[in-house]
Structure formats: C-alpha cells, structure tokens
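Data block below; observations after.
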Amino acid sequence: MRQLLWFLAPVWSTFALAGLTEAQVHPQRYFYDAVVSDSAIASQVGADILAKGGTAVDAAVAVGFALAVTHPAAGNIGGGGFMIVRRRSGETVALDFREIAPLSASKTMYIGPDGKLTRDSLVGYRAAGVPGTVAGMAEAHRRFGKLRWRDLVEPAVQLANRGFKMPRGLAESLRDSADVFRPFPVAYAQFCRSGRFYAAGENFTQPDLGRTLERIRDHGAKDFYEGETAGLIVKDMVAKGGQITAADLKGYRVVARAPLVGKYRGYDVITMPPPSSGGIALLQMLGMVEGDDLGTLGWNSSGTLHLMVESMKRAFADRAEHLGDTDFVSVPVTQLLAPDYISRLRKSITDRALPAKEVKPWGKESEQTTHYSIIDIDGNAVSTTYTLNGSFGAGAVVEGAGFLLNNEMDDFAAQPGTPNLFGLIQGEKNSIQPRKRPLSSMTPTILTKDGKLAMVLGSPGGPTIINTVFQTLINVVDHGMNIQRAVASPRFHHQWMPDAIRWEPYGLGADLRKAMEAKGHVFEERARTMGSCHAIWTTGQGDRQVGVDPRISTSGAAGR
Ligand code: GLY
C-alpha cells in the first residue's frame, strides 16, 4: 500500500500544482439526467424533480428557487436572468427575464451635482431594477412544465423554513461580505446575525424568505408582482428611497426571444441574443478563430492565446459601441455576425497585439452571477444564467420578505464612455431609459451536432462570462478535453478596455508570458478566479458527463 501511495504521489502533486484534485479532472457521469449548479444542495433539488418525472424545465424552476435560498450571493428572486431551453424535438427558445429600469428612471439618475457618478447604481434601494426571476420561472413552467408549480417551489420553502447546514464556503463569503450588509440592518441580521456570524455546519434558516416563497408557491408569480410580496417591496421602496412602484411590478413582462444560432466546427451554437451581449460576442470570437487549427497550435500556446485575445478585444469593442436592449435601440445583429465582417475582423489580426485604442468597432457588470445546466431523461436541455449583479446585489433585503434586491442598474452605461465598476466602457445604446433592460454579458449556451444535443454550458463572472464560455467550448471542441478538465482549466480575459490580459493564478508560465509580451501584449495580475462554468457534455442517453467548476466550493452535481 505504501508503495502504491509513493507511486501515485507524483501524479497527485501534478494535479495539486495545477490547483486541481483528481476528482475534479474526471467528469461525474450519469446515465439518464444531470443537474449542475453552484450549490450541491440546489442540484439535488433539481435531480429529485427529474426523478419524480419532471422535465428539465421543471427542474430548472425548482433549482432557480432553491438557489435563491442556498446561494444568496447570486441565486435570487430579487434579480433576473436568461434561460435557453432546447427540447428534444429541436424546438428552442430564449426566455428573457432580465430586470427592467423603473418608470421613474432617467439617463442621468446616477450623476451627482458635481457631474460625477455616484455609487447609487451599485448600493442600496436605488440600484435595483424591477426583478424578473419569479416571472421568468413562471413563464418557463407555463410553457414547458409537467409537474405542479407548487411542487417545484416547495423544496425552496423547506430549505428556507427548516434551514440547511451552512456550507463552509457560504459561511466564509457571508463573513467576508459583512461590509456589504452592514448599512442594511435587515440584511445584516439575516445573513450575519448582526455580527454573530454563522459558522460552517450551523443550521441556517430564513423565515421571512420562507413565507415569501410560500406565497409564491400558493399564489404563483402574481403574489410577487401584484400581491402581498409586491406590497412589501413597494412599502420598503417608499421607506428607503427606492424607485420601484406598484406600476413597475405590475407592468413587468418576460420576453420569449429566438436564440442566436451560429456554427462552429460542425456544432450548432445556440446562445443568448440581446439584451445580452454574450451570444453575439461569443459567435464573433468563434468565427474569428474557426479558420485556424487551435488544436494543433496547442492549448496555452502563444499562438492560440494571441488569436483568442485578439478576438476578445475586437468583440468587446463592438459590444461597447453597438449593443443594448433591442426593444429600445437598433442593434446591427446581422451585420455584426455577417461572415464577411467576421472574416474582415480575422484579417485584421496580425502577429502583433493591436493596441486597444486602435481597435475600431464596426461602425459593464459584476462577478457574481450564477449558472446551472440541466439535461433530463428525454434529452431536453436547459441552460440558465441569472443574477443579482454584484455579490449579494444591492446589499439590501426587502423588509419582511427576506430576499435581496439586485443592483442591476449598474449594468447600464450610467455615464456613457465612463468605465463602470468592472472597467467596461459602454455606449449610448446602453444608456438608462424607463422600462429598458440593461446590457448583460450572460451567455447561457447549448451546443448540438447533427441535430443531437452535445453540450450545455454557461457561467457567472460579468464580462468574463463571455470569455469563460468561449474558452470552455474551445477546450472541448479544439483541445479534446473532457468536460471536467475543460471547466477546471485556468482562464484568461481581455475586454478591449483596459488593454490588458488578466490571468488566473497559476495559469501562465514565464515563457508563455514572455512570448506574448514579445508580440506586444500587456498583462495584469488578477488574484481572483474567473467565472464558475457548470457544463454537461452528452453523446446521448447513457452518457451525461458533468463539469463541476471547482472555483466555487459549494458547487455540485446530481443525477441518475
Ligand atoms: N450583471 C451581470 C450581467 O448581466 O452580465
């Protein structure tokens, strides 16, 4: 035995050096169905629904509500997001339940008397857009649900009322985020016990949230938008200087959109259209690199990195200039994805890094979002990314209702041309208007090949979402990685401005850095990880391979 351990030691330390454990390199495999999310508890909720005969959409609704309890940094009922559904029949839809600006919103609402941006788009009640999640879950269920609504909300009710064992990762993140909650006594009491922080393993109950979920369970989305919960939201907004009114809530609508569909090396890439920038940028970047053999150039080689980084710069420059809510502004989607234009972009990539200020577009956000992927026994697939924007959103909990408000208003260009919290420069098309949806980077995506489901993926991470999905997809399709290795591998990010490549710790060797610097690239150290991509790869029933991103310690998969 000792000899065996000695023999295995070098193998083990190789994984350890790369920041991986062996378990993270082998995908978990299921036969019939699979759910993967930032919360192992929520994934189990989804798997239980599938085992009861629910569809992937039923499971997605149950996971969406469960994450609002177990993953409060981003799981939510006070935020919004996007869900791509692909049914086994091939039918697809992109449900847009993104937040909208309140009716009283205006272009200059976050500019102070000194002409400078205030922090009101980020912190507190004025930062919140009208939430879309509850309406989004209800619409998904109305279209594709098989089980009863109340049975899908019930597990979240139980988790909030009975509580669950506080995972170490959540206990640490609540303690680390104390400053976010402290200005808001209701939130500080709920998440930090007003300073007597929760320890890992303690039971964590959220009774106000439990009561809200019970009302949603019993009365549907109507409760949130017109009923008792709506009343609590409006009361708190009036008391605390927020802008969401009863009319805002009553007027909220989910939009069912046609997903964008592009091709990459024989795969159909089904992804999110505006008001997310994710799908357009992803398809542009894939288009720019498709003519090159990245597999032969090699993973983490200077040739591959240079091409990918240069594609990122060009896609993000277009994002800044052209993208916004298509219900309000015209976005040249067809032109941005036209093969001629993509080929011109590719031709503009030389052996040298093009300085960002010289990237000419054709003609912002937080790190904490959350993504989950689901495939059911029949091969129906759901890719959902939803968010509060910042970690724990605006930091404020609706009094008596127990849920956090988003700070999604910061995803607008509060002052076009001025970098937002994430250094993203955004243009006029994403300026604030009543009822408009702020531009997003969320990129829920599904891949098929020859009409058969192949991969479901997505990620949190603000602007890094798009590049995380781009890299994960290329890791599998071009570099032949299994799905677990593909999601666990180190990531890099370029968003046009600032003109620097950000790199995850341990992802960049000294030689590679030198080779890239010789081409003119600039690096910026980034201590934190990027994204949390939860993905499922499948070759058909009997083979559901799951990639659980190890960057969030509470993550987990479940299935049969
Ligand atoms: N709030 C992050 C995003 O929508 O991209």
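When you line the sequence shown up against numbering that gives the first Met the number 0, it's residues 0 to 559, in that order. The C-beta atom is built at its ideal place from N, Cα and C for all residues, glycine as well. Computed from a predicted structure; not experimentally measured.
Next on the checklist: Please identify the residue among G230, A393, A337, K448 whose C-alpha is closest to the C-alpha of Y187.
Outcome noted: Residue numbering aside, residue 187 sits at position 188 when the sequence shown is read from its first letter. Cα-wise, what sits closest to Y187 is A393.
Next on the checklist: Am I right that V35 and Y385 are in contact with their C-beta atoms under 8 angstroms? What's the rounded C-beta distance?
Outcome noted: Here residue 35 corresponds to residue number 36 of the sequence shown, with the count starting at 1. Here residue 385 corresponds to residue number 386 of the sequence shown, with the count starting at 1. Contact doesn't hold; Cβ gap of about 15 angstroms is too wide.
Item to check | Same chain, Cβ closer than 6 angstroms to G286, neighbours up to 5 away in sequence not counted | outcome: Along the sequence shown, read from residue 1 onward, the residue named residue 286 stands at position 287. Correct list, in chain order: I341.
Next on the checklist: Assuming L404 and Y124 are in contact, meaning their beta carbons sit under 8 angstroms apart, how far apart are those beta carbons, in whole angstroms?
Outcome noted: If you number the sequence shown from 1, residue 404 lands on position 405. If you number the sequence shown from 1, residue 124 lands on position 125. Confirmed, about 7 angstroms.
Checklist entry - By a C-beta neighbour count over all protein chains shown, 10 Å radius and 16 as the cutoff for buried, is R343 buried or exposed? => result On the sequence shown, position 344 is the one that residue 343 refers to. It is exposed - the Cβ of R343 has fewer than 16 other Cβ atoms within 10 Å.
Next on the checklist: Since I562 and T444 should fall inside the 8 angstroms C-beta cutoff, what is the C-beta to C-beta distance between them, to a whole number of angstroms?
Outcome noted: In the structure as shown, the chain begins at 0 and stops at 559. Residue 562 is therefore absent and cannot be evaluated.
Checklist entry - Expressed to the nearest angstrom, what Euclidean distance is found between the alpha-carbon atoms of M136 and A39? => result The sequence position of residue 136 within the sequence shown is 137, counting from 1. The sequence position of residue 39 within the sequence shown is 40, counting from 1. Cα to Cα, M136 sits roughly 20 angstroms from A39.
Next on the checklist: Closest to N429 by C-alpha separation, out of D449, E407, G450, K448, would be which residue?
Outcome noted: To locate residue 429, count along the sequence shown from 1; it is residue 430. It is E407.
Next on the checklist: Rounding to the nearest angstrom, what Cα-Cα distance links T442 and G297 in this structure?
Outcome noted: Locating residue 442 in the sequence shown gives position 443, counting from the first residue. Locating residue 297 in the sequence shown gives position 298, counting from the first residue. Whole-angstrom Cα-Cα distance: 25 angstroms.
Checklist entry - Which residues in the same chain as R86 place their Cβ atom closer than 6 angstroms to its Cβ, once the five residues preceding and following it in sequence are excluded? => result The count along the sequence shown starts at 1 and reaches residue 86 at position 87. Closer than 6 angstroms at the Cβ level, and outside the excluded window around R86, lie N379.
Item to check | Other residues of its chain near T325: CB distance less than 8 angstroms, five sequence neighbours each side excluded | outcome: Within the sequence shown, numbered from 1, the residue matching residue 325 stands at position 326. Cβ within range, chain order: P272, P273, P274, V332.
Checklist entry - Among all the DSSP beta bridges, which residues are the ones paired with E523? => result Within the sequence shown, numbered from 1, the residue matching residue 523 stands at position 524. The partner list for E523 (beta bridge, DSSP) reads R501.
Checklist entry - Between which two residues does the alpha helix (DSSP H) containing I48 stretch? => result Within the sequence shown, numbered from 1, the residue matching residue 48 stands at position 49. I48 -> alpha helix (DSSP H) spans 39-50.
Item to check | CA-to-CA distance, D449 to Y266, given in whole angstroms | outcome: To locate residue 266, count along the sequence shown from 1; it is residue 267. To locate residue 449, count along the sequence shown from 1; it is residue 450. Between Y266 and D449, the C-alpha separation is close to 7 angstroms.
Checklist entry - If we ignore side chains and look at the alpha-carbon of each, how far apart do L335 and R484 end up? => result Along the sequence shown, one-based indexing puts residue 335 at 336. Along the sequence shown, one-based indexing puts residue 484 at 485. Looking at the two C-alpha atoms, the distance is approximately 32 angstroms.
Next on the checklist: Measuring only the C-alpha atoms, how far is G399 from E138?
Outcome noted: Here residue 399 is taken as the residue at index 400 of the sequence shown, counted from 1. Here residue 138 is taken as the residue at index 139 of the sequence shown, counted from 1. In a straight line, the C-alpha of G399 is about 26 angstroms away from that of E138.
Item to check | Inter-residue Cα distance where the pair is S300 and F315 | outcome: Here residue 300 corresponds to residue number 301 of the sequence shown, with the count starting at 1. Here residue 315 corresponds to residue number 316 of the sequence shown, with the count starting at 1. Answer to the nearest angstrom: the Cα atoms are 22 angstroms apart.
Item to check | Inter-stretch contact (C-beta, 8 angstroms, three-pair minimum) for the region 178-187 and the region 91-98 | outcome: At 8 angstroms Cβ cutoff, the stretches do not touch.
Checklist entry - Taking just the CA atoms, how far does D477 sit from E357? => result One-based indexing of the sequence shown puts residue 357 at position 358. One-based indexing of the sequence shown puts residue 477 at position 478. One C-alpha to the other measures close to 29 angstroms.
Item to check | Supposed close pair V468, L456 - CB separation, criterion 8 angstroms | outcome: As a position in the sequence shown, residue 468 is number 469, starting the count at 1. As a position in the sequence shown, residue 456 is number 457, starting the count at 1. Sure, about 6 angstroms apart at Cβ, within 8 angstroms.
Checklist entry - For the ligand GLY, any of its heavy atoms closer than 7 angstroms to the Cβ of S440? => result The count along the sequence shown starts at 1 and reaches residue 440 at position 441. With a threshold of 7 angstroms, the Cβ atom of S440 counts as near the ligand GLY, since some heavy atom of the ligand is closer than that.
Checklist entry - Whole beta strand (DSSP E) runs in the region 346-427 with 3 or more residues, listed along the chain? => result Qualifying beta strand (DSSP E) stretches, in chain order: 368-374, 380-386.
Checklist entry - Would DSSP call D95 helix, strand or coil? => result In the sequence shown, residue 95 corresponds to position 96, counting from 1. D95: strand per DSSP, three-state reduction.
Checklist entry - Are the beta-carbon atoms of D57 and T369 separated by less than 8 angstroms? => result Taking the sequence shown and counting its residues from 1, the one referred to as residue 57 is at position 58. Taking the sequence shown and counting its residues from 1, the one referred to as residue 369 is at position 370. Contact: no.
Item to check | G230 in three-state terms, based on DSSP | outcome: Along the sequence shown, one-based indexing puts residue 230 at 231. Reduced to three states, the DSSP call for G230 is helix.
Item to check | Per DSSP, cross-strand counterpart(s) of M82 | outcome: For the purposes of this step, residue 82 is identified with residue 83 of the sequence shown, where counting begins at 1. M82 is bridged to L94, T383.
Checklist entry - Does the ligand GLY have a heavy atom nearer than 7 angstroms to the CB of G461? => result As a position in the sequence shown, residue 461 is number 462, starting the count at 1. The ligand GLY approaches G461 closely enough that one of its heavy atoms is under 7 angstroms from the residue's Cβ.
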